[in-house]
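Engineer: Residue numbers (the numbering used here): 1474 to 1663.
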Amino acid sequence: MPRSSHLLLVAAAAAALAACRRSTPVAAAPEAAPVPSAAPTPPESPGNRSGEPIDEVRQRSADAEREREARAILEAPIHFGFDLAELDAEARLQLDAKLSVLQRHRDVRLRISGHTDERGADEYNLALGQRRAAAVRRHLVQYGLAEGRLEVVSFGEERPLCTESEESCWRRNRRADFEIIAGVLMGTRS
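1. Please report the distance separating the alpha-carbon of residue 1564 from that of residue 1648.
2. Helix, strand or coil for residue 1657, going by three-state DSSP, please let me know.
3. Per the contact definition of three or more C-beta pairs closer than 8 Å, is the segment 1526-1539 in contact with the segment 1552-1564?
4. Could you check whether residue 1598 and residue 1554 sit closer than 8 Å to each other, using their CB atoms as the reference points?
5. Could you check what DSSP says for residue 1544 in three-state terms: helix, strand or coil?
6. In terms of residue numbering, what span does the alpha helix (DSSP H) encompassing residue 1592 cover?
7. For residue 1651, list the residues DSSP reports as bridge partners.
8. What number of angstroms, rounded off, separates the C-alpha of residue 1646 from the C-alpha of residue 1593?
9. Taking 7 Å as the line, does the beta carbon of residue 1568 fall inside it for any heavy atom of the ligand HEM?
10. Taking one C-beta from the segment 1602-1610 and one from the segment 1568-1588 each time, how about it: are there three or more such pairs within less than 8 Å?
11. Distance, Cα to Cα, residue 1587 vs residue 1525?
12. Between which two residues does the beta strand (DSSP E) holding residue 1631 run?
13. If I measure Cβ to Cβ from residue 1633 and keep anything under 6 Å in the same chain, skipping five residues before and after, which residues do I get?
14. In the DSSP output, what is residue 1551 paired with across the bridge?
Right, here's the structure in full:
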């Protein structure tokens, strides 16, 4: 049923309800003029105050969702084994997902920060964190990403996610974190 017919039915129903509530008879509602066949605009709502076409609102919403997904992929940490800077199979899969996003968004640059658990000397942990961040960068560059888009830094044990002295906590702290330092994720539609 065309949108204009829906509007007529709603208007007629509203008039009938109003007539039932009054004690005096109400004249029949005048027939509405036909609505042009231009793109329909949704009623005003918090997400669409400008009266723009619903397709544009939906597209903007889809773009925002793709941006959230891309950001989540890029910013997800990867983890390392105890005293290791080598990438395991899971870390390589995560890096491949990051690589896919980075290839679609060529102006995005990342800072990769290497972290360790609390065990070991400060200097050793700083060096291990650096090796972890460098291993991540090496993997991404090996598969086609320009080295200039990646910056590495080590925080060693200085920025733990968890402070308990137990393996489950140490495992969370042995990681590489990712931060978007330049570029935007919007604008490239998949």
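Where is the CB? At the ideal position from N, CA and C, for every residue including glycine.
Structural biologist: Taking the coordinates as given:
1. The residue labelled residue 1564 in the question sits at position 91 within the sequence shown. The residue labelled residue 1648 in the question sits at position 175 within the sequence shown. Rounded to whole angstroms, residue 1564 to residue 1648 spans 10 Å at the Cα level.
2. Taking the sequence shown and counting its residues from 1, one reaches residue 1657 at position 184. Here residue 1657 sits in coil by DSSP.
3. no
4. What you label residue 1554 is simply residue 81 of the sequence shown in a count that begins at 1. What you label residue 1598 is simply residue 125 of the sequence shown in a count that begins at 1. Not a contact, by the Cβ cut-off of 8 Å.
5. Position 71 of the sequence shown, counted from the start, is the residue given in the question as residue 1544. Looking at residue 1544 - three-state DSSP - the assignment turns out to be helix.
6. Position 119 of the sequence shown, counting from 1, holds the residue named residue 1592. From DSSP, residue 1592 is part of no alpha helix (DSSP H); its letter is neither H nor E.
7. The sequence position of residue 1651 within the sequence shown is 178, counting from 1. DSSP lists 1585 as partners of residue 1651.
8. Your numbering for residue 1646 matches position 173 in the sequence shown. Your numbering for residue 1593 matches position 120 in the sequence shown. Going by the C-alpha atoms only, they are around 13 Å apart.
9. This structure does not include the ligand HEM; it has no bound ligands of any sort.
10. yes
11. Residue mapping note: residue 1587 aligns to position 114 of the sequence shown, counting from 1. Residue mapping note: residue 1525 aligns to position 52 of the sequence shown, counting from 1. Roughly 46 Å separates the two Cα atoms.
12. Along the sequence shown, one-based indexing puts residue 1631 at 158. Going by DSSP, residue 1631 is part of no beta strand (DSSP E) at all; its letter is neither H nor E.
13. Counting from one through the sequence shown, the residue named residue 1633 turns up at place 160. Counting only Cβ-Cβ distances below 6 Å, and skipping sequence neighbours, we find 1646.
14. The count along the sequence shown starts at 1 and reaches residue 1551 at position 78. According to DSSP, residue 1551 bridges with 1649.
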